[in-house]
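What follows is a single structure, written as structure tokens, with notes after it.
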Amino acid sequence: MILNKFTSWIAFGILLFAIFSCKKETSEEAVAELTVEEENADGNFPYKWLSTYSFFEGELNKLHQNSELLEYSPASSLFTDYALKSRFVSIPKDSIAEIIDGEINFPEGTIFIKNFYYPEDFRKPEDKKRIIETRLLILGSTGWEAYPYIWNEAQTDAQLKVVGGQTKVKFTSLDGKEQVIDYLIPNKNQCKSCHNKNEHMAPIGAQIKHLNWEKTEGASPKNQLIVWQEKGKLLGFDNPQKHPSLINYEDKNQTLNLRARAYLDINCAHCHNAEGPASTSGLFLDYEETDPLKLGLNKTPVAAGKGAGKFTYDILPGKPDESILLHRMKSTEVGVAMPEIGRTTVHEEGIQLIRDWILSLK
1 MILNKFTSWI
11 AFGILLFAIF
21 SCKKETSEEA
31 VAELTVEEEN
41 ADGNFPYKWL
51 STYSFFEGEL
61 NKLHQNSELL
71 EYSPASSLFT
81 DYALKSRFVS
91 IPKDSIAEII
101 DGEINFPEGT
111 IFIKNFYYPE
121 DFRKPEDKKR
131 IIETRLLILG
141 STGWEAYPYI
151 WNEAQTDAQL
161 KVVGGQTKVK
171 FTSLDGKEQV
181 IDYLIPNKNQ
191 CKSCHNKNEH
201 MAPIGAQIKH
211 LNWEKTEGAS
221 PKNQLIVWQE
231 KGKLLGFDNP
241 QKHPSLINYE
251 DKNQTLNLRA
261 RAYLDINCAH
271 CHNAEGPAST
281 SGLFLDYEET
291 DPLKLGLNKT
301 PVAAGKGAGK
311 FTYDILPGKP
321 DESILLHRMK
331 STEVGVAMPE
341 IGRTTVHEEG
351 IQLIRDWILS
361 LK
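Have a look at this one:
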């Protein structure tokens, strides 16, 4: 009897140890110190560690690209809780991307690399910074696949975490205020919800309309797609004027309409287009859309549910505070907020831009 009781207590102790040892990873544990292990770069993607890809030279957190990487920037950037981003694409050696039917077709083995980071003080963006995550989009034999990598606290490497994660980010904003954000790193499946074209994964910012602009390259501005072509990594881009081009929505020298349309395209149109996951909504916010009803003007929602609030139209011209579009942009509530993922805060500058635009509509 005594032995049985003793055995039971031992079993109970082991059970408690197992429970607490295997508890769910918390927000801070998702970016805790990681022990970097040796890994062979054997070409079987994805690798466990970001460093194994050899994208960057020297200290990894300096993000100094190797000679094979192409840096790129879309004219307008998707809002992600005010995170800053650096973007690169790796096109395999002896391979080339080609423009076919108005789209860039990338060769198998292409990898898009996007780093998300925060400066300690946005007034000094190049000073001390913290990289939160690096997202890879890899084109394999069966299509694109997304892989999120979370950086360790020491900023020495990033580890593949298909389940995503969460962490608190502290920084000083441009107006000198201290900010704290609960930053969410999407899991692999959540990446698919935005990178979706006709039920297949696809890049968002790597479209001609986003890349066809003059980016500072060395001493002077130069069209980045022409740079790709000069480096032997792109075919078919001979005349920029023949292709669509978006503006930077932050450029106040541009018209209000162009700025608003550029904002909606990069932030909303990856879902809200005829081939996107929100196609059944009938609300198409891509830059090319010309039908006022499809753009949401005086359009009733198909199935917005509680997301519509007490409002009737996606966009009520002249009345932003009675427009569902702005109502959802202003919310952080699950089931109401748009975009559905990618932010936990409100983009105040974006809201002001869309408010002004709706006010200007007749």
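Residues 1 to 362 in the UniProt record's numbering are what the sequence shown lists, from first letter to last. Using N, Cα and C, we set each Cβ at its ideal position, and we do this for glycine too.
Below 8 Å on the Cβ atoms is my contact criterion, and I expect residue i with residue j to pass it. Report the Cβ-Cβ distance as a whole number of Å.
i	j	result
TYR72	GLN224	6 Å
HIS210	ALA97	Not really, about 15 Å apart at Cβ, beyond 8 Å.
SER90	GLU68	6 Å
ILE99	LEU235	7 Å
TYR287	LYS299	Their Cβ separation, rounded to whole angstroms, is 18 Å, which puts TYR287 and LYS299 out of contact at 8 Å.
LEU70	LYS231	7 Å
LEU184	ARG123	In fact, because the Cβ distance is near 25 Å, the residues do not count as touching under 8 Å.
residue 370	PHE79	A question about residue 370 goes unanswered here, because the residues of the chain that appear run from 1 up to 362.
PRO339	CYS268	7 Å
ASP120	PHE171	Sequence inspection shows Glu at residue 120; the Asp mentioned does not correspond to that position. With a Cβ gap of about 6 Å, GLU120 and PHE171 count as contacting.
With a threshold of 16 other CB atoms inside 10 Å of the CB of residue i, please say whether the residue is buried or exposed.
i	result
HIS200	exposed
GLY276	buried
residue 379	Because the chain here runs from 1 to 362, residue 379 falls outside it and cannot be looked at.
LYS161	buried
THR142	exposed
HIS270	buried
GLY140	exposed
ASP94	exposed
THR134	buried
LEU256	exposed
LYS252	exposed
LYS233	buried
ASN212	buried
ASN66	exposed
ASP238	exposed
ALA83	buried
ASN115	buried
Going by Cα to Cα distance, which pick from the options is closest to residue i?
i	options	result
SER86	CYS268, GLY58, ILE100, PRO125	PRO125
ASN248	LYS242, ARG261, PRO240	ARG261
LYS306	PRO317, LYS319, ASP321, HIS327	HIS327
ILE341	ASN187, ASN115, TRP144, PRO119	ASN187
LEU137	LYS93, TYR47, LEU84	TYR47
ASN362	ALA202, ALA337, GLU120, LEU316	In the sequence as presented, Asn is not what sits at residue 362; that position holds Lys. Considering only alpha carbons, the answer is LEU316.
ASP101	HIS243, GLU120, PHE116	HIS243
GLN241	GLN179, GLU214, LEU258	GLU214
ILE181	TYR118, THR216, PRO203	TYR118
GLY164	LEU283, TYR149, GLY176, PHE171	TYR149
ILE113	GLU103, TRP144, GLU120, ASP121	TRP144
ILE354	ILE226, LEU285, PHE311	LEU285
ASP291	ALA274, VAL302, ALA303	ALA274
ASP81	VAL169, ILE226, HIS272, GLN254	VAL169
Can you give me the C-alpha to C-alpha distance between residue i and residue j, rounded to a whole angstrom?
i	j	result
TRP151	ASP127	18 Å
ASN105	LEU297	34 Å
GLU250	ASN40	43 Å
SER331	GLN352	14 Å
ILE266	GLU37	37 Å
LEU295	PRO221	33 Å
CYS191	ALA219	36 Å
GLY309	ILE324	7 Å
ASP321	LEU258	21 Å
SER245	ARG343	26 Å
THR167	HIS347	19 Å
TYR53	SER360	49 Å
LEU264	ALA278	14 Å
ILE131	SER51	14 Å
PRO301	GLY335	15 Å
GLY176	ASP356	26 Å
GLU289	THR280	16 Å
GLU179	ASP42	The question names Glu, but residue 179 is Gln in the sequence shown. Distance between the alpha carbons of GLN179 and ASP42: 42 Å.
THR216	ALA146	29 Å
PHE311	MET329	14 Å
PRO129	ALA337	Inspection of the sequence shows that residue 129 is occupied by Lys rather than by Pro. Their Cα atoms are separated by approximately 29 Å.
SER77	ILE358	21 Å
HIS272	GLU333	20 Å
GLN254	GLU153	41 Å
HIS64	ASN189	29 Å
GLY350	LEU293	22 Å
ILE208	ILE226	11 Å
THR345	CYS194	18 Å
Decide yes or no for the touch test of the segment 53-62 against the segment 155-166: beta carbon pairs closer than 8 Å, at least 3 of them. yes
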